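Below: the structure, in structure tokens.
Number of protein chains: 2
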Amino acid sequence: MMTPETMNQVLEAAIDQARKSWSEGGIPIGSALAREDGTIVAVGHNMRVQSGDPTAHAEIVCLRNAGRRRDWNDLYLATTLSPCQMCSGSACLFGVKHVIIGEHETYLGAEHWLEEHGITVDVLDDPRCVELMRMLQTEKPDLWAEDIGE
Amino acid sequence: MMTPETMNQVLEAAIDQARKSWSEGGIPIGSALAREDGTIVAVGHNMRVQSGDPTAHAEIVCLRNAGRRRDWNDLYLATTLSPCQMCSGSACLFGVKHVIIGEHETYLGAEHWLEEHGITVDVLDDPRCVELMRMLQTEKPDLWAEDIGE
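Chain order of the listed sequences is G and X. So the first sequence is numbered by the numbering used here: it starts at 311 and just counts up by one. So the second sequence is numbered by the numbering used here: it starts at 311 and just counts up by one.
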């Protein structure tokens, strides 16, 4: 299993992605895919504003960047925010076995689908992730509403 | 509600997409998004082989092609094959209210998630859709296994 220190490092890579997206005028949600030892395999951030693609959530972009592969079972998917139904479904489909979540107090996605699917879920309650979403909700509430399908 | 004739027309647009993908060497699964009167809003087909993007399932590509919009509630999403967890999750997230499925005997996706979410599901049991998947499974079994995360 990944150590708590390594989980924090992988989440850090996801936070860097979220900040990058925010600096581009986009939604500050980021994701990273890593091996158990913390080696980063792929990263991605929400691209909906940047590319106009409504499916370009951080986790989807990260999985896309990881490309076609068969080692999903060994990888840990980190995301700064609790994954929505699409992104949780993608973790189930690809066969990722571990999901690391920055925070789920701003938005609780479909974590129960992950758990029903036997995926381990670690919620790190990281204040930096909460702050990223607070910025979005305060400064760009419409963008946030669109992101969660409201 | 969409009439059965219109549902068949919309599925036909999805089948055309599936055939286009197969002719390109790709996975023969297609999708279409339409209004209640049958007006096609967007189409898409699986692009995993063509683009190397593992998330490029037909429904995801179709939703991507539909772009950022707020009328998801009024749209019908058609797909030649029962939607996997990622694609079912995306229908739930976007707030599509109706999903038309060509067939679910080759593969049964996460239709229960759609139903739990109050989405109407119409399975048309179309033999053309079954035949498309039979071609894939017979001629390119590895591609199929990768597509469903095996």
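Cβ coordinates follow ideal geometry from the N, Cα and C atoms, glycine included. No experiment lies behind these values; they were computed from the predicted model shown.
- If you draw a straight line from the alpha carbon of L387/X to that of G348/X, how long is it in whole angstroms? 11 Å
- Rounded Cβ spacing between A328/X and A342/X (contact assumed at less than 8 Å): The pair is not a contact, with the Cβ atoms about 10 Å apart (cut-off 8 Å).
- Query: Any idea which residues DSSP pairs T430/X with across the strands?
  - Reply: According to DSSP, which records beta bridges pairwise, T430/X is partnered with H408/X.
- Would you verify that the beta carbon of A420/G is, or is not, closer than 8 Å to some beta carbon of chain X? Taking Cβ atoms only, chain X reaches closer than 8 Å to A420/G, which makes this a yes.
- Message: For K330/X and V440/G, what's the separation of their Cα atoms in angstroms?
- Response: 44 Å
- Query: If you draw a straight line from the alpha carbon of V353/X to that of R374/G, how long is it in whole angstroms?
  - Reply: One C-alpha to the other measures close to 20 Å.
- Task: Tell me whether the beta-carbon of I429/G lies closer than 8 Å to the beta-carbon of H408/G.
- Result: If you check the CB distance, I429/G and H408/G come in under 8 Å.
- Query: What is the DSSP secondary structure of L321/X, reduced to helix, strand or coil?
  - Reply: helix
- Proximal chain G residues relative to S400/X, where beta-carbon distance stays under 8 Å: T365, Q395, M396 and G399
- Query: Where DSSP assigns a beta bridge to A344/G, which residues make up the other side?
  - Reply: I350/G and Y386/G
- Assign R389/G to one of two classes, buried (16 or more other C-beta atoms within 10 Å of its C-beta) or exposed (fewer than that). The amino acid at residue 389/G is misidentified as Arg; the sequence shows Thr. Buried, since its Cβ has 16 or more Cβ neighbours within 10 Å.
- Task: With a 10 Å radius around its C-beta and 16 neighbouring C-beta atoms as the bar for buried, classify I339/G as buried or exposed.
- Result: buried
- Message: At the level of alpha carbons, what is the spacing between T365/G and S333/X?
- Response: 26 Å
- Hey, does L387/X have any beta-carbon neighbour from chain G nearer than 8 Å? no
- Item | Pairwise C-alpha distance: G377/G and S398/G | 18 Å
- Query: Looking only at its own chain, which residues have a Cβ that is under 7 Å from the Cβ of L391/G, when we skip the five neighbours before and after it?
  - Reply: I339, G412, E413, T416, Y417, C439 and M443
- For C402/X versus H367/X, is the C-beta spacing smaller than 8 Å? no
- Task: For M357/X, I'd like the list of residues in its chain whose CB is within less than 7 Å of its CB, leaving aside the five on either flank, ordered along the chain.
- Result: In its chain, beyond the 5 residues on either side, G336, D363, A366 and V371 have a beta carbon closer than 7 Å to the beta carbon of M357/X.
- Query: What's the call for E426/X, buried or exposed, on a 16-neighbour Cβ count within 10 Å?
  - Reply: exposed
- Query: Roughly how many angstroms separate the alpha carbons of D452/X and A455/G, rounded to a whole number?
  - Reply: 40 Å
- Item | chain A contact for E456/G (CB, 8 Å cutoff) | Included in the structure are the protein chains G and X, with no chain A among them.
- Message: Can you look up L424/X in the DSSP assignment and give me helix, strand or coil?
- Response: helix
- Query: If you draw a straight line from the C-alpha of P314/G to the C-alpha of V406/G, how long is it?
  - Reply: CA-CA distance, P314/G to V406/G, rounds to 18 Å.
- Name the residues in the stretch 336-354 of chain X whose C-beta lies less than 8 Å from a C-beta of chain G; which are they? Listed in chain order, the positions of the stretch 336-354 of chain X with a beta carbon within less than 8 Å of a beta carbon of chain G would be empty, since no residue qualifies.
- Would you list the residues sitting across from E413/G in a DSSP beta bridge? L391/G
- Message: Is any non-hydrogen atom of the ligand ADP found closer than 7 Å to the C-beta of W454/G, if you look at the structure I gave you?
- Response: For the ligand ADP, the structure offers nothing, since it holds no ligand at all.
- Message: Within 8 Å of any Cβ in chain G, is that where the Cβ of G362/X sits?
- Response: It does; some Cβ of chain G falls within 8 Å.
- Any chain X beta carbon closer than 8 Å to G377/G: yes
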